[in-house]
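For the sequence shown, position 87 (counting from the first letter as 1) is numbered 86 according to this note's numbering, and the numbering increases by one without interruption.
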Amino acid sequence: MRWALVILVAVSACKKGDPKKCDVACRNYAQLDFWHGADKRIEALPADQREAARKTELATFQKNLELGIDTCVSKCVDANYDKDVSCWTNAKTYEELQKCKD
0 MRWALVILVA
10 VSACKKGDPK
20 KCDVACRNYA
30 QLDFWHGADK
40 RIEALPADQR
50 EAARKTELAT
60 FQKNLELGID
70 TCVSKCVDAN
80 YDKDVSCWTN
90 AKTYEELQKC
100 KD
């Protein structure tokens, strides 16, 4: 019983990240990263195939985002990635996102 209390106190004392900020950051990161590759694939196609390919890529992105967002947010919150969250959230391009790794 004492160990359970010690563990509870220790866990509650740990500083955790903000789930809402992590959600926004993870979504922005995923969007910039995904579309960086998808746009290249789409542009490589003949012009008449690009619109359909963009719709397919969008569906793929949305499906994958919903499958992975909870894991990303959970890891972000647990690790308290303050610096990364700010950088991921503020990035507007894939290149800016890559600078977050520095």
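Ideal Cβ positions, reconstructed from N, Cα and C, are used throughout, including at glycine.
Since the model is a prediction, treat every value here as computed from it, not as a measurement.
Subject >> Straight-line Cα distance separating residue 77 from residue 91 >> reply: 25 Å
Original post:
For the candidate residues 101, 69 and 96, whose alpha-carbon lies nearest to that of residue 35?
Top reply: 96
Original post:
So, do the segment 21 to 32 and the segment 66 to 84 have three or more beta carbon pairs nearer to each other than 8 Å?
Top reply: yes
Original post:
residue 93 and residue 31: beta carbons closer than 8 Å?
Top reply: yes
Original post:
With distances taken between CB atoms, is the gap from residue 84 to residue 20 smaller than 8 Å?
Top reply: yes
Original post:
Starting from residue 80 and walking both ways along the alpha helix (DSSP H), at which residues does that stretch end?
Top reply: Element bounds for residue 80: n/a, residue is neither H nor E.
**OP:** Could you spell out where the alpha helix (DSSP H) holding residue 37 opens and where it closes?
**Re:** 18 to 42
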